[in-house]
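Residue 140 is where the sequence shown starts when you use this note's numbering, and the numbers rise one by one after that. All C-beta atoms, glycine included, are put in the ideal place defined by N, C-alpha and C. Just so you know, these numbers come straight off a predicted model, no measurement behind them. Beneath this line is the structure, given in structure tokens, with notes to follow.
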Amino acid sequence: MVGVNKVILLGNLGDKPIIKYTADGKAIATLSVATSKAWVDKQSGEKKEITQWHRVSLFGKLAEIADKYCEKGTKVYIEGELQTNKYKDKTTGEEKYSTQVVVSGFNNVFQMVSGKGKDTTTVDDAPAEVDPSVES
Numbered sequence: 140m141v142g143v144n145k146v147i148l149l150g151n152l153g154d155k156p157i158i159k160y161t162a163d164g165k166a167i168a169t170l171s172v173a174t175s176k177a178w179v180d181k182q183s184g185e186k187k188e189i190t191q192w193h194r195v196s197l198f199g200k201l202a203e204i205a206d207k208y209c210e211k212g213t214k215v216y217i218e219g220e221l222q223t224n225k226y227k228d229k230t231t232g233e234e235k236y237s238t239q240v241v242v243s244g245f246n247n248v249f250q251m252v253s254g255k256g257k258d259t260t261t262v263d264d265a266p267a268e269v270d271p272s273v274e275s
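In structure tokens form, the structure reads like this:
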């Protein structure tokens, strides 16, 4: 049976993208995206809010666009896939897990809703998996 792995985020960047390059020169950008949910507590009438932080990875030209135009506070719309990778901690040798939203492949979207340059981009040139050691 074929499944669906789709994540949609509309939120603000917590900082400027972190960009790194693979050995063959391909750009990888890591974004920290905040999404917030607000509600009124029925018992106290107090307004409450919770913020979730999401790690997002972009690749190639899309990573370079994000690096050039995105800054802290930029509102972004993202469609990607949730990916969890297992890796060994370089210091302790302990197995750890890293979960992120990966924007790659067919029908994934990265759009700047506000910021220096508004751009809608789909991407199909990214690797199937992310090596967390490249991002550390």
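Alpha-carbon to alpha-carbon, residue j and residue i
{"i": "Val248", "j": "Val242", "result": "7 Å"}
{"i": "Trp178", "j": "Ser237", "result": "30 Å"}
{"i": "Leu201", "j": "Ala166", "result": "8 Å"}
{"i": "Glu133", "j": "Asn151", "result": "No statement about residue 133 is possible, as the shown extent of the chain runs from 140 to 275 and does not include it."}
{"i": "Thr260", "j": "Leu149", "result": "Bear in mind that the predicted position of Thr260 carries a pLDDT of just 47, short of 50, making it unreliable; the figure below should be weighed with that in mind. One C-alpha to the other measures close to 15 Å."}
{"i": "Thr223", "j": "Gln239", "result": "7 Å"}
{"i": "Asp228", "j": "Lys186", "result": "40 Å"}
{"i": "Ala173", "j": "Tyr160", "result": "24 Å"}
{"i": "Gly164", "j": "Glu203", "result": "12 Å"}
{"i": "Lys225", "j": "Val252", "result": "33 Å"}
{"i": "Lys181", "j": "Glu220", "result": "35 Å"}
{"i": "Gly184", "j": "Asn144", "result": "37 Å"}
{"i": "Val146", "j": "Phe198", "result": "17 Å"}
{"i": "Gln113", "j": "Ile189", "result": "Residue 113 is absent from the structure shown; the chain starts at 140 and stops at 275."}
Paired residues, beta bridge with residue i - DSSP
{"i": "Val215", "result": "Gly150 and Met251"}
{"i": "Ala168", "result": "Ile158 and Leu197"}
{"i": "Lys186", "result": "Val179"}
{"i": "Tyr226", "result": "Lys235"}
{"i": "Glu220", "result": "Val241"}
{"i": "Ala202", "result": "Partner(s): none; Ala202 has no beta bridge."}
Burial state of residue i, where buried means 16 or more other Cβ atoms lie within 10 Å
{"i": "Ala168", "result": "buried"}
{"i": "Ile217", "result": "buried"}
{"i": "Met140", "result": "exposed"}
{"i": "Val269", "result": "Only weak support is given to the placement of Val269: the predicted model assigns it a pLDDT of 45, under 50, and the question is left unresolved by the model."}
{"i": "Ser175", "result": "exposed"}
{"i": "Ser196", "result": "buried"}
{"i": "Gly142", "result": "exposed"}
{"i": "Thr230", "result": "exposed"}
Own chain partners of residue i with C-beta closer than 6 Å, once the 5 adjacent residues on each side are dropped
{"i": "Gln191", "result": "Thr174"}
{"i": "Gly153", "result": "Ser171 and Ala173"}
{"i": "Glu233", "result": "none"}
Chain-order list of residues whose beta-carbon lies under 7 Å from that of residue i (same chain, five-residue window excluded)
{"i": "Glu156", "result": "Note that residue 156 corresponds to Pro in the displayed sequence, not to Glu. Excluding positions up to five away in sequence, the list reads Ala168, Thr169, Leu170, Ala205, Asp206 and Cys209."}
{"i": "Lys235", "result": "Tyr226 and Asp228"}
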